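Those protein sequences? They're chains A and B, same order as listed. So for the first sequence, my numbering puts the first residue at 7; every next one is plus one. So for the second sequence, my numbering puts the first residue at 217; every next one is plus one.
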Amino acid sequence: MAEKPKIAICWFGGCGGCDEAIVDLNEDILKVTNAFEIVLWPIAFDFKYHHIEAMADKTITLSIINGSVRNSEHEELAHLFREKSQLVLAFGACACFGGTPGMANLRSKEDIFQWVYEDAPTVVNPRHNVPQTVTKVGDNELTLPEFYNQVYPLGQVIDVDYYLPGCPPPPNLIYNAISATLSGDLPPKGSTLAPQRALCDVCVRNKTKPERLAISEIKRIHELEADPDKCFLAQGIVCTGPATRAGCGEVCININMPCRGCFGPVEGVTDMGAKYLSAFASLIEAKTEEERKEIIDRLKDPAGYFYRFTTASSILKKRRGALKKA
Amino acid sequence: MGNKITVNPITRLEGHGKIDIFLNENGDVEDAYLQVTELRGFERFCIGRPAEEMPRIVPNICGVCPTPHNMASTKALDSIYGVTPTPAAKLVRTLQYNANFIEDHYIHFFFLAAPDFVVGPEANPVERNILGVINKVGLDIGKRVIDIRRRTRDIIKLIASKPSHPEGGLPGGVPRGIKQEERKTIIETADLCVEFAQFALQLFKDVVLKNKDYLDLILSDVYNLKTYYMALVDENKKVNFYEGKLRVIDPNGKEVSFFHPNDYTEYIGEWVEPWTYVRLTYLRKIGWKGLIEGDDTSLYRVGPLARFNVSEGMATPLAQKEYEQMVSTLGKPAHHTLAYHWARLIEALQAAEDLQRISIDPLLTSTDIRNMNFQFTGKGIGCVEACRGTLIHHYETDNEGLITKVNMIVATQQNAAPIGLSVKKAAQRFIKGGEVREGLLNMAEMAFRAYDPCLGCATHTIHGKMPLVIDVHDHTGNVIKTVSRGA
Ligand code: SF4
Ligand code: SF4
Ligand code: SF4
Chain A
7 MAEKPKIAIC WFGGCGGCDE AIVDLNEDIL KVTNAFEIVL WPIAFDFKYH
57 HIEAMADKTI TLSIINGSVR NSEHEELAHL FREKSQLVLA FGACACFGGT
107 PGMANLRSKE DIFQWVYEDA PTVVNPRHNV PQTVTKVGDN ELTLPEFYNQ
157 VYPLGQVIDV DYYLPGCPPP PNLIYNAISA TLSGDLPPKG STLAPQRALC
207 DVCVRNKTKP ERLAISEIKR IHELEADPDK CFLAQGIVCT GPATRAGCGE
257 VCININMPCR GCFGPVEGVT DMGAKYLSAF ASLIEAKTEE ERKEIIDRLK
307 DPAGYFYRFT TASSILKKRR GALKKA
Chain B
217 MGNKITVNPI TRLEGHGKID IFLNENGDVE DAYLQVTELR GFERFCIGRP
267 AEEMPRIVPN ICGVCPTPHN MASTKALDSI YGVTPTPAAK LVRTLQYNAN
317 FIEDHYIHFF FLAAPDFVVG PEANPVERNI LGVINKVGLD IGKRVIDIRR
367 RTRDIIKLIA SKPSHPEGGL PGGVPRGIKQ EERKTIIETA DLCVEFAQFA
417 LQLFKDVVLK NKDYLDLILS DVYNLKTYYM ALVDENKKVN FYEGKLRVID
467 PNGKEVSFFH PNDYTEYIGE WVEPWTYVRL TYLRKIGWKG LIEGDDTSLY
517 RVGPLARFNV SEGMATPLAQ KEYEQMVSTL GKPAHHTLAY HWARLIEALQ
567 AAEDLQRISI DPLLTSTDIR NMNFQFTGKG IGCVEACRGT LIHHYETDNE
617 GLITKVNMIV ATQQNAAPIG LSVKKAAQRF IKGGEVREGL LNMAEMAFRA
667 YDPCLGCATH TIHGKMPLVI DVHDHTGNVI KTVSRGA
């Protein structure tokens, strides 16, 4: 019997939701375990990193990696999986763009540590302890990975072959991505394995979107009872549908919440926030500059709206040092 | 001589953790540490965000229990906006919440814990997983577990979009209510859940309690840890997942504190150690005593066993009967770490009974799902019982409702020190004179698996195995022995 192709599923700086999403394949998960030999899935199998280290280069057909690169351990693992794999799939918003935790790039490491280990109201830290990469405990040493100054999407650390966005990706796209690997029916390297259209193109509320949108008042979602059938933007509520890739099944729209962009930018766009912000600004309907400013002032926290999942892959802040090795 | 045993990776809450065990000169266990190797900084990067966005941001803290974060956050919003959710909104929220308790508890029990009991702690590791469980109990039951998971996660999806990242929750209510045509499936699911909960408890009794070896294991000293306990209870001091007051009992069962979650900073302290990224919680009024158990400790535990110990019973009739049986078997407070599993199954029954009650409530399909009569306060503390224990989100905002301050106390953080102690006890029994007994791996695993530490989706997996390898290093760092399971 021919050997089964090998698959590895690994998480770096993620939340576990991407792994849960794979479990959400329900019975289909058995098809995956039948077609592939799973060589690593920390949440489910006993295989260790040293098993991967012992493999010859490129023996893993597909490595599915979720989570971002936040510390030295993630970085080492990223290189390890790149060496051992034919294909690397960046899985989920964190691996693709840094995800929600990527918003930490708007803060310094010192600022985060200061709050978490000194200033938070429940912290009692008379010795001013801060986690260290090496701690002496008697004659022994305890080590921790180094916490980096920023969050990196996977593609900023190693070469990535394919991207599957979403927070987390939905089961149908997960299944398609894995099947495509098996059949070899894959798009060009670097592709995103999700529709090329924008969310608005598939949104049921699109038909209520006026030909030319004109926003004269920006509203926050808690301030009104949103009409469950009408386009959010037409109600003055920020919805990133126009700039977000389709494929999620419009699940937020279905519960009457506007999109926040977990599927990342539409095809061909790298800086999602900048792109959307310029489009959004052109929708503002004001007679005078003053009025325009007044309207825009109601838009609190544009970074949090437009870069919710993509701060780490944006040009917002100059990179504090690239990690990618040649 | 400084022998060091490293268990890495164990998977964990917001990512990763490891266990380090130190041997003394004689090769006996001197100490053990559960290290949390990651930090993501949510408390800081949420500063400046509009408060109403928080229930959509914080589920990314943990994809294993995102609903409790979503809910604690939504409740914090209620108080920032000084508003009480409408009765229908509260029903919808508790519907989502109970569904979460059921799917989460079962994934833990069947996929992770059951292999130890149903297949056996000494069984061939290759079989000690969900597939082994299915072999023993039949494919039919495996399918029922998958079906219950799918159905309960569908309820979460209906109300809050993605079960791994709920996006619902607004101050004073929910963005979407339940439609009349959706009720039938919800009733069906609730009925199935009650039936299944009773079946699961019966299975536990037949396989575990009736087996003397297992019962002895539960009662044994290795899996006994004397600590304080903390949990939410309702006005009758019954178990409540969604709201109530926090009650703390001492290691002998006496109530020592009973307070509104808003006062949590007076009662909970967080200690910082240089060897872990997680802040270690303790009872502030006693003061930090270090990593010790017994009458002098200031450590407390949270989660199903804590809720059992802290409460005076369950809130629903069938679950109450089960609770009484557990009390008569173990007494109260029960310090038996493995009894977390039993308490967990009783809770799944309470959640199912409550789901049933909600599913037929005429109010459930009311369209009055938002109370927008805001009395803005700028400060909110939201507290719920997550599956793994008490969860507190504390936010403050400026007068435009933009976040200025965030503090969070999460369940596994509160159990982190006790988990380390539980592992140390198991290690002490299985490592003597530098000899690492084969049994260590699974026994140590069982010690921390009982907590359902959100130290991992590890607890929520198809094969339910915590990946463990223990390497024994000599003082030069060379691996002199590797013990691993399932390889
Ligand atoms: S993409 Fe979302 S679900 Fe996946 S690891 Fe990141 S935060 Fe979790
Ligand atoms: S802006 Fe949002 S609500 Fe409007 S059509 Fe696009 S996705 Fe739908
Ligand atoms: S609607 Fe937007 S935020 Fe919600 S799941 Fe889809 S892409 Fe993600």
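No residue lacks a Cβ here, since even glycine has one placed at the ideal position from N, Cα and C. Quick caveat, the model's predicted, so the values are computed rather than measured.
Just the C-alpha distance for Asp207 of chain A and Ala249 of chain A, rounded to the nearest angstrom, thanks.
-> What you label residue 207 of chain A is simply residue 201 of the first sequence in a count that begins at 1. What you label residue 249 of chain A is simply residue 243 of the first sequence in a count that begins at 1. Near 11 angstroms, if we compare the C-alpha coordinates of Ala249 of chain A and Asp207 of chain A.
Worksheet item: Mind checking if Leu618 of chain B is an interface residue toward chain A, Cβ cutoff 8 angstroms exclusive?
Response: Against the second sequence, residue 618 of chain B aligns to sequence position 402. Yes, Leu618 of chain B lies at the interface with chain A (some Cβ there is under 8 angstroms from its Cβ).
*So Gln572 of chain B is in the alpha helix (DSSP H); what residue range does that whole segment cover?*
Residue mapping note: residue 572 of chain B aligns to position 356 of the second sequence, counting from 1. 555-576 is the extent of the alpha helix (DSSP H) around Gln572 of chain B.
Partners in chain B for Tyr123 of chain A, counting only beta-carbon separations shorter than 8 angstroms:
Residue mapping note: residue 123 of chain A aligns to position 117 of the first sequence, counting from 1. Those are Val488, Arg495, listed as they occur along chain B.
Q: Note down, in chain order, each residue of its chain lying with its Cβ closer than 8 angstroms to the Cβ of Pro549 of chain B, except the 5 sequence neighbours on either side.
A: As a position in the second sequence, residue 549 of chain B is number 333, starting the count at 1. So the qualifying residues of the chain are Tyr445, Ile465, Pro467, Asn468, Gly469, Asn525.
Check your understanding: For the segment 126-138 of chain A, which residues have a beta carbon sitting closer than 7 angstroms to at least one beta carbon of chain C?
Key -> This model lacks chain C altogether; the protein chains it does include are A and B.
Exercise. Taking only beta carbons into account, state which residues of the segment 473-486 of chain B come closer than 7 angstroms to chain A, listed in chain order.
Key: Thr481, Ile484, Gly485, Glu486
Problem set entry | Members of the segment 261-283 of chain B near chain A, C-beta cut-off 7 angstroms | Within the segment 261-283 of chain B, contact with chain A at the beta-carbon level (separation under 7 angstroms) is assigned to Phe261, Gly264, Arg265, Pro266, Glu268, Glu269, Arg272, Ile273, Asn276, Ile277, Cys278, Gly279, Val280, Pro282.
Around ligand 1, Cβ to any heavy atom closer than 6 angstroms, ordered along the chain: For ligand 1, the residues with a Cβ under 6 angstroms from any of its heavy atoms are, in chain order, A:Gly20, A:Cys21, A:Gly23, A:Cys24, A:Asn72, A:Gly73, A:Gly98, A:Ala99, A:Cys100, A:Gly105, A:Thr106, A:Cys173, A:Pro174, B:Asn276, B:Gly279, B:Ser380, B:His381.
request  = Tell me, please, which residues DSSP counts as bridged to Glu651 of chain B.
outcome  = Taking the second sequence and counting its residues from 1, one reaches residue 651 of chain B at position 435. DSSP output for Glu651 of chain B lists B:Lys648 as bridge partner(s).
Discussion item. Beta carbons nearer than 7 angstroms to chain A: which residues of the segment 514-527 of chain B have them?
Written reply: none
How about the segment 511-528 of chain B and the segment 288-306 of chain B: do they share at least three Cβ pairs that are nearer than 8 angstroms? Contact between the segment 511-528 of chain B and the segment 288-306 of chain B is absent, because fewer than three Cβ pairs lie under 8 angstroms.
If we define contact as Cβ-Cβ less than 8 angstroms, is Ile58 of chain A a contact residue for chain B? Within the first sequence, numbered from 1, the residue matching residue 58 of chain A stands at position 52. Residue-level contact check: Ile58 of chain A does not touch chain B, since none of the beta carbons of chain B fall below 8 angstroms from its beta carbon.
Give the secondary structure of Leu515 of chain B by DSSP, where H, G and I count as helix, E and B as strand, and everything else as coil. Within the second sequence, residue 515 of chain B is the residue found at index 299, counting from 1. The answer is coil: DSSP assigns Leu515 of chain B none of H, G, I, E or B.
With contact counted as at least three CB pairs below 8 angstroms, one residue from each stretch, are the segment 158-177 of chain A and the segment 100-116 of chain A in contact? Verdict: yes, contact present.
inquiry  = In the DSSP output, what is Val308 of chain B paired with across the bridge?
reply    = Reading the second sequence from its first residue, position 92 is the one you call residue 308 of chain B. Answer is none; Val308 of chain B lacks a bridge partner.
Check your understanding: Within 8 angstroms (strictly less), CB to CB, does Ile237 of chain B reach chain A?
Key -> Position 21 of the second sequence, counted from the start, is the residue given in the question as residue 237 of chain B. No, its Cβ sits nowhere closer than 8 angstroms to a Cβ of chain A.
Any beta carbon from chain B within less than 8 angstroms of Ile13 of chain A's own beta carbon?
The residue you call residue 13 of chain A lines up with position 7 of the first sequence. So, not an interface residue.
Original post:
In angstroms, rounded to a whole number, what distance separates the CA positions of Pro137 of chain A and Ser514 of chain B?
Top reply: Position 131 of the first sequence, counted from the first residue, corresponds to residue 137 of chain A. Position 298 of the second sequence, counted from the first residue, corresponds to residue 514 of chain B. Each residue's alpha carbon lies about 22 angstroms from the other.
*asked:* I'd like to check one pair, Val244 of chain A with Ile224 of chain A: are the Cβ atoms closer than 8 angstroms?
replied: Position 218 of the first sequence, counted from the first residue, corresponds to residue 224 of chain A. Position 238 of the first sequence, counted from the first residue, corresponds to residue 244 of chain A. Yes. Within cutoff.
query: Helix, strand or coil for Met543 of chain B per DSSP?
result: Start at 1 with the first residue of the second sequence, and residue 543 of chain B comes out as number 327. It is Val, not Met, that sits at residue 543 of chain B in the sequence shown. It is helical.
Is the Cβ of Asn623 of chain B closer than 8 angstroms to any Cβ of chain A? The count along the second sequence starts at 1 and reaches residue 623 of chain B at position 407. Yes, contact with chain A.
Quiz prompt | chain B residues whose Cβ lies nearer than 9 angstroms to that of Ala110 of chain A | solution = Locating residue 110 of chain A in the first sequence gives position 104, counting from the first residue. Here the neighbours are Arg256, Gly257, Phe258, Arg260, Phe261.
- Whose CA, out of A:Gly310, A:Asp235, A:Ser74, A:Phe42, lies closest to the CA of Cys16 of chain A? Along the first sequence, one-based indexing puts residue 16 of chain A at 10. Comparing Cα-Cα distances from Cys16 of chain A to each of A:Gly310, A:Asp235, A:Ser74, A:Phe42, the minimum goes to A:Ser74.
Figure out for me which residue from A:Glu152, A:Glu297, A:Lys90, A:Lys142 has the closest Cα to the Cα of Ala14 of chain A.
For the purposes of this step, residue 14 of chain A is identified with residue 8 of the first sequence, where counting begins at 1. Each of A:Glu152, A:Glu297, A:Lys90, A:Lys142 was checked against the Cα of Ala14 of chain A, and the nearest Cα belongs to A:Lys90.
Specify which residues have a beta carbon nearer than 7 angstroms to any heavy atom of ligand 2, listing them in chain order. A:Leu205, A:Cys206, A:Cys209, A:Arg211, A:Asn212, A:Lys215, A:Cys237, A:Phe238, A:Leu239, A:Ala240, A:Cys245, A:Gly247, A:Pro248, A:Ile259, A:Pro264, A:Cys265
Item to complete: Pull out every residue of the segment 241-259 of chain A whose Cβ sits closer than 7 angstroms to any Cβ of chain B, in chain order.
Response: The segment 241-259 of chain A vs chain B, Cβ under 7 angstroms: Val257, Cys258.
- Message: Using DSSP's beta-bridge definition, name the partner residues of Thr276 of chain A.
- Response: Counting from 1 along the first sequence, the entry for residue 276 of chain A is found at position 270. Beta-bridge pairing links Thr276 of chain A to no other residue.
Buried or exposed: Lys195 of chain A, going by 16 or more other Cβ atoms within 10 Å of its Cβ? Here residue 195 of chain A refers to the residue found at position 189 when the first sequence is read from its first residue. By the neighbour-count rule (16 or more Cβ atoms within 10 Å), Lys195 of chain A is not buried but exposed.
>> Quick check: does the Cβ of Ser377 of chain B come within less than 7 angstroms of any heavy atom belonging to ligand 3?
In response: Sequence index remark: in the second sequence, residue 377 of chain B carries index 161 (1-based). Answer for Ser377 of chain B: yes, Cβ within range of ligand 3.
- Using a C-beta to C-beta distance shorter than 7 angstroms, which residues of chain B count as neighbours of Ile227 of chain A? In the first sequence, counting from the first residue as 1, residue 227 of chain A sits at position 221. Here the neighbours are Glu268, Leu386.
Is it true that the segment 275-286 of chain A meets the segment 298-316 of chain A, where meeting means three or more beta-carbon pairs spaced less than 8 angstroms apart?
-> yes
Please report the Cβ distance between Lys209 of chain B and Val600 of chain B, rounded to the nearest whole angstrom; I am assuming they are in contact, meaning their Cβ atoms lie under 8 angstroms. Residue 209 of chain B falls outside the range modelled here, since chain B spans only 217 to 703, and no answer is possible.
* To do: Please list, in chain order, all residues of the same chain as Ile321 of chain A whose beta carbon is under 6 angstroms from its beta carbon, the five residues on each side excluded.
  => Taking the first residue of the first sequence as 1, we reach residue 321 of chain A at position 315. Correct list, in chain order: Asp277.
Given 8 angstroms as the limit, is there contact between the segment 178-198 of chain A and the segment 374-391 of chain B, that is, 3 or more CB pairs closer than that? no
On the DSSP bridge list, what partners appear for Lys12 of chain A?
As a working mapping, residue 12 of chain A is identified with position 6 in the first sequence. Beta-bridge analysis with DSSP links Lys12 of chain A to A:Glu43.
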